[in-house]
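Chains as they are written, first to last, in numbering that gives the first Met the number 0: chain A, 0 to 151; chain B, 0 to 65.
C-beta atoms are modelled at their ideal positions from N, C-alpha and C, and glycine is treated no differently.
Let me begin by presenting the structure, written as structure tokens, before commenting on it.
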Amino acid sequence: MKNRMHILRDRLRNGLKQLSTLQRGTINRIFANMMLMALISAASHFRSEYGYGAKTLVFLFALLPAIPMFAIIWLLGRYLAGESDEFVRMMVVKSLLWAAAVTVAGDMIQSALVALSSEFWSLDQGFLTIMNFDLFFIASVFSVAIQLRRYR
Amino acid sequence: MKNRLRVLRAERNWSQADLAERLEVSRQSVNAIETGKYDPSLPLAFRLARLFETSIEQIFADETQG
Numbered sequence: 000m001k002n003r004m005h006i007l008r009d010r011l012r013n014g015l016k017q018l019s020t021l022q023r024g025t026i027n028r029i030f031a032n033m034m035l036m037a038l039i040s041a042a043s044h045f046r047s048e049y050g051y052g053a054k055t056l057v058f059l060f061a062l063l064p065a066i067p068m069f070a071i072i073w074l075l076g077r078y079l080a081g082e083s084d085e086f087v088r089m090m091v092v093k094s095l096l097w098a099a100a101v102t103v104a105g106d107m108i109q110s111a112l113v114a115l116s117s118e119f120w121s122l123d124q125g126f127l128t129i130m131n132f133d134l135f136f137i138a139s140v141f142s143v144a145i146q147l148r149r150y151r
Numbered sequence: 000m001k002n003r004l005r006v007l008r009a010e011r012n013w014s015q016a017d018l019a020e021r022l023e024v025s026r027q028s029v030n031a032i033e034t035g036k037y038d039p040s041l042p043l044a045f046r047l048a049r050l051f052e053t054s055i056e057q058i059f060a061d062e063t064q065g
């Protein structure tokens with residue numbers, strides 16, 4: 000088990016080493032924006048937990064998650080425009096499409112579960128947004144990894 | 000699309016990584032082109048032709064043409 004973990008860690012390290020400056024920079028910025036989304040989500044959760052407060056605050060917290068979300072979409076666009084390797088560009092586009100499909104499917108399953116048991120799945124909207132975005136990001140990374148394995 | 004990339008590369012004793020470095024693309028790109036899983040764009044095909052000092056037709060063959 001420990002040996003497997005070492006192999007996985009080495010593979011991850013080698014994979015990260017092979018990334019270009021543009022790829023590494025994009026991943027770091029996306030990660031930072033996801034952290035920001037998580038913070039906003041947590042803040043929104045605590046706000047609803049301890050009373051709703053002013054209407055302006057409610058409006059602000061509803062709008063805030065859109066900022067990192069747009070930033071991530073803009074970062075992906077900038078990456079695709081800057082990527083010089085056409086094959087990698089094609090792989091990333093394919094991965095993003097797969098990730099979008101997985102996210103939509105995941106969202107539908109989640110909605111069905113919420114509808115079935117609203118007591119058990121009493122999750123707030125901010126948490127659901129971050130969950131969808133996490134799913135999108137994880138599915139993208141998995142899809143790229145699977146494709147890289149196919150063409151190694 | 001069939002291609003002679005592997006042969007041309009072997010003639011020069013280049014690895015896939017060497018060719019990828021010369022073309023400024025990833026090694027996966029070279030692998031995908033060589034195995035016929037990916038057809039390169041025209042600019043990349045021209046770069047390949049220039050690198051091997053030959054024409055595009057000498058590297059790639061259209062399988063639909065008899």
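Neighbour list for residue i in chain B, Cβ cutoff strictly below 9 Å
i: S83(A); result: E23, V24
Residues that residue i bridges to, as DSSP identifies them
i: A60(B); result: K1(B)
Where residue i meets chain B, residues with beta-carbon distance less than 7 Å
i: F86(A); result: V24, S25, Q27, S28, A31, Y37
Neighbour list for residue i in chain A, Cβ cutoff strictly below 9 Å
i: L43(B); result: E85, F86
i: S40(B); result: E85
Beta-carbon separation (whole angstroms), residue i vs residue j, contact threshold 8 Å
i: L7(B); j: F59(B); result: Rounded, the Cβ-Cβ distance is 11 Å, inconsistent with contact.
i: S70(B); j: F86(A); result: For chain B, the structure presents residues 0 to 65; residue 70(B) sits outside this window and is missing.
i: S94(A); j: S139(A); result: 5 Å
i: S83(A); j: E62(B); result: Incorrect: roughly 29 Å between the Cβ atoms, too far for contact.
i: F45(B); j: I32(B); result: Incorrect: roughly 14 Å between the Cβ atoms, too far for contact.
i: L74(A); j: R28(A); result: 5 Å
i: F135(A); j: A98(A); result: 5 Å
i: T25(A); j: Y78(A); result: 4 Å
i: Q22(A); j: M90(A); result: Not confirmed; about 12 Å, so no contact.
Quick check for students: name the residue ranges of the alpha helix (DSSP H) that lie wholly in the region 20-73 of chain A, counting only runs of 4 or more. 20-48, 54-62
Going along the region 9-42 of chain A in order, which residues come within less than 7 Å of chain B, judged by CB to CB distance? none
Using a beta-carbon distance cut-off of less than 9 Å, what residues from the region 134-147 of chain A approach chain B? Q146, L147
3-residue-minimum beta strand (DSSP E) runs that sit fully inside the region 6-58 of chain B, ordered along the chain: none
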